[in-house]
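Here's the structure, in structure tokens; my notes come after.
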Amino acid sequence: MSSEPPGMSSELGGLRIAGEPASSMLADPDFTGTIIAHFATCAGPGRALACDDTSGEVTRLTAGCLELARNALDRRRTPTEADLAPVAEAAARWAEAGVALEAVLQLLHESVRMAWRRIAGEAGAPDTEHVRAAAELFGSVLGKITVAAAGAYEGVLALVVETPPASAPERRPQPSPPSTETPAFGGDTSLSFVVLAVHVSTEPDGQRRSTAHDRRLRAQIRAELTRACGPTTLSVLTPDGGTVLLPGTPARDRVDELVDRLSRAADLPVYAAAVPAAALDLAEASHQAHELLDLALRLRLPPGVHRIDELVFEYQVTRPGWGREGLADLLAPLARAPELLLTLETHIDTDLSRKQTALRLDVHPNTVDYRLRRIADLTGLDPSRQDGLRVLETALLSTRL
1 MSSEPPGMSS ELGGLRIAGE PASSMLADPD FTGTIIAHFA TCAGPGRALA
51 CDDTSGEVTR LTAGCLELAR NALDRRRTPT EADLAPVAEA AARWAEAGVA
101 LEAVLQLLHE SVRMAWRRIA GEAGAPDTEH VRAAAELFGS VLGKITVAAA
151 GAYEGVLALV VETPPASAPE RRPQPSPPST ETPAFGGDTS LSFVVLAVHV
201 STEPDGQRRS TAHDRRLRAQ IRAELTRACG PTTLSVLTPD GGTVLLPGTP
251 ARDRVDELVD RLSRAADLPV YAAAVPAAAL DLAEASHQAH ELLDLALRLR
301 LPPGVHRIDE LVFEYQVTRP GWGREGLADL LAPLARAPEL LLTLETHIDT
351 DLSRKQTALR LDVHPNTVDY RLRRIADLTG LDPSRQDGLR VLETALLSTR
401 L
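Counted from 1, the sequence shown has number 64 at position 64 by UniProt numbering; the numbering is strictly sequential.
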């Protein structure tokens with residue numbers, strides 16, 4: 001289907017105003033800044049979005065709108081779907097971030113409107129025909145970018161409200177709008193929470209995910225959170241995970257079930273750390289939850305939910321100080337014999353199985369025995385005795401962390 005409005009033809013050449021290409025009036029690099037400054041004076045939701053443009057997204061989108069307008073004037077045709085892709089992608093990112101569609105449309109419309117004012121302001125009586133053609137083009141550009149942005153928002157919303165797959169657990173009734181009680185996870189939301197730090201594993205083949213796939217992954221996780229906990233659940237999500245705030249004091253098995261559901265929704269392993277907190281302690285609890293999550297990942301623990309009562313010893317070992325440094329020093333004599341350190345680590349990982357250790361290292365079991373005796377000679381700690389093994393295992397843990 002042609003992207004040219006009726007009566008338009010790209011064979012006629014670009015539109016001209018006051019004897020100059022009309023597009024040249026929008027080519028001034030400072031014009032983008034003028035529009036951005038104008039946003040700051042506008043009433044409506046777009047103002048806050050423009051004033052908080054720390055990522056430069058609003059500036060890039062404004063420049064993109066001007067480029068669409070210039071191309072329309074030069075080619076006498078409206079944008080194609082490919083031309084509109086940057087608008088749709090920016091709108092999708094804002095939709096996922098929870099920005100209102102009204103705010104995005106205000107920015108888009110103001111950009112096109114100010115571009116049109118600049119064109120019309122330079123026109124004279126001899127330019128009537130080209131002004132009329134430009135007005136028709138601008139109307140089409142405005143319509144297409146509106147459809148592109150709204151379509152992107154609709155796509156993200158569809159992911160949030162889509163029906164769960166047949167293999168997913170039966171959907172529970174959604175809670176009512178915010179109140180002091182949250183049916184999905186119970187408890188007085190004004191008093192207590194569970195902070196959930198979440199990490200979504202990389203692709204099994206190790207390949208880097210595309211930006212589009214990252215956006216879909218976030219939307220799938222957010223959709224499952226909405227189904228499981230209700231639409232008022234607070235979360236900050238990145239392609240690799242994020243932080244979820246669960247109101248009340250949900251039972252451990254309910255939190256475990258939630259993370260399992262997120263893993264199925266993402267079709268990837270999900271690791272999490274859960275820390276209960278009072279309302280005034282959320283910042284500290286969030287920091288601790290992410291510390292626990294990082295600890296679980298470094299210890300190569302399995303996917304699922306990890307808690308401080310399960311990792312209290314390992315967590316304490318990570319605290320800086322003379323204790324941790326002293327533990328690491330115990331293994332210093334093995335630094336020049338990496339095969340001994342590897343044997344110790346493997347022996348512990350195989351639950352002290354002599355045969356399994358030999359199999360993993362591809363050596364004879366007698367070699368394992370010899371190396372364990374050498375470890376005892378060099379460190380003064382015998383891995384065949386519980387007292388020596390306990391200290392060696394703790395020292396090894398301190399080096400891993």
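The beta carbon of each residue, even a glycine, is placed where N, CA and C say it ideally should be.
On a CA-only basis, which of the options is nearest residue i? Give me that one, please.
| i | options | result |
| --- | --- | --- |
| Pro365 | Leu372, Arg354, Arg118 | Arg354 |
| Ala283 | Glu110, Val194, Ile119 | Val194 |
| Ala107 | Asp387, Gly64, Thr128 | Strictly speaking, residue 107 in this sequence is Leu, with Ala absent from that position. For the residues Asp387, Gly64, Thr128, the minimum Cα distance to Leu107 belongs to Gly64. |
| Glu96 | Arg222, Leu293, Glu20, Val368 | Arg222 |
| Thr62 | Thr80, His38, Val312, Ala82 | His38 |
| Glu224 | Gly248, Glu257, His213, Pro333 | Glu257 |
| Leu327 | Leu49, Gly56, Glu393, Ala149 | Glu393 |
| Leu101 | Leu361, Gly13, Ala148 | Ala148 |
| Glu122 | Gly19, Arg252, Leu342, Leu297 | Gly19 |
| Ala332 | Leu234, Asp83, Ser398, Ser55 | Ser398 |
| Glu67 | Arg216, Trp116, Asp127, Ala251 | Trp116 |
| Trp94 | Leu361, Ala125, Val58 | Val58 |
| Ser56 | Pro29, Ala90, Met25, Ser23 | At residue 56 the sequence reads Gly, which differs from the Ser that was named. Gly56 has its Cα closest to that of Ala90, out of Pro29, Ala90, Met25, Ser23. |
| Ala271 | Leu301, Ala82, Asp329 | The amino acid at residue 271 is misidentified as Ala; the sequence shows Tyr. Closest by alpha carbon: Leu301. |
| Arg307 | Gly388, Leu359, Ala273 | Ala273 |
| Arg373 | Val305, Gly388, Val255 | Gly388 |
| Pro239 | Pro126, Ala266, Ala40 | Ala266 |
| Pro247 | Gln220, Arg132, Ala82, Ala278 | Ala278 |
| Thr146 | Ile119, Arg118, Leu84 | Leu84 |
| Gly139 | Leu234, Tyr153, Pro79, Thr350 | Pro79 |
| Leu245 | Asp253, Leu234, Arg254, Lys144 | Leu234 |
| Ile375 | Leu342, Arg360, Leu361 | Leu342 |
| Glu81 | Met25, Lys144, Ala228 | Lys144 |
Is the beta carbon of residue j closer than 9 Å to that of residue i?
| i | j | result |
| --- | --- | --- |
| Leu268 | Ser201 | yes |
| Ala197 | Gly151 | no |
| Ala337 | Leu311 | no |
| Arg16 | His130 | yes |
| Ile348 | Leu292 | no |
| Thr226 | Val236 | no |
| Val368 | Leu381 | no |
| Glu345 | Arg371 | no |
| Ala27 | Arg70 | yes |
| Gly155 | Ala92 | yes |
| Leu297 | Glu314 | no |
| Cys51 | Glu110 | no |
| Val99 | Leu49 | yes |
| Val259 | Val305 | yes |
Put residue i into one of helix, strand or coil per three-state DSSP.
| i | result |
| --- | --- |
| Val99 | coil |
| Ser384 | coil |
| Leu196 | strand |
| Arg264 | helix |
| Ala155 | For the sequence presented, residue 155 should be read as Gly rather than Ala. Three-state result, Gly155: helix. |
| Val305 | strand |
| Ala251 | coil |
| Gly241 | strand |
| Leu392 | helix |
| Ile17 | strand |
| Val270 | strand |
| Leu311 | helix |
| Leu234 | strand |
| Ala335 | coil |
| Ala277 | strand |
| Leu299 | coil |
| Leu352 | coil |
| Phe185 | Bear in mind that a pLDDT of 47 at Phe185, under 50, signals an unreliable position, so the number given afterwards is only what the model happens to contain. Three-state DSSP puts Phe185 in coil, outside helix and strand. |
| Leu342 | helix |
What do you get for residue i, buried or exposed, if any count of 16 or more other CB atoms within 10 angstroms of its CB means buried?
| i | result |
| --- | --- |
| His199 | buried |
| Gln316 | exposed |
| Val275 | buried |
| Ser263 | buried |
| Leu334 | buried |
| Gly230 | buried |
| Arg113 | exposed |
| Leu352 | exposed |
| His287 | exposed |
| His290 | buried |
| Gly124 | exposed |
| Leu218 | Looking at the sequence shown, residue 218 is not Leu but Arg. Classification for Arg218: buried. |
| Ala251 | exposed |
| Ser23 | buried |
| Pro126 | exposed |
| Pro29 | exposed |
| Ala358 | buried |
| Leu299 | exposed |
| Gln220 | buried |
Counting Cβ pairs, one atom from each stretch, are 3 or more of them under 8 Å apart for the stretch 72–85 and the stretch 33–42? Flag = no, the stretch 72–85 and the stretch 33–42 do not touch.
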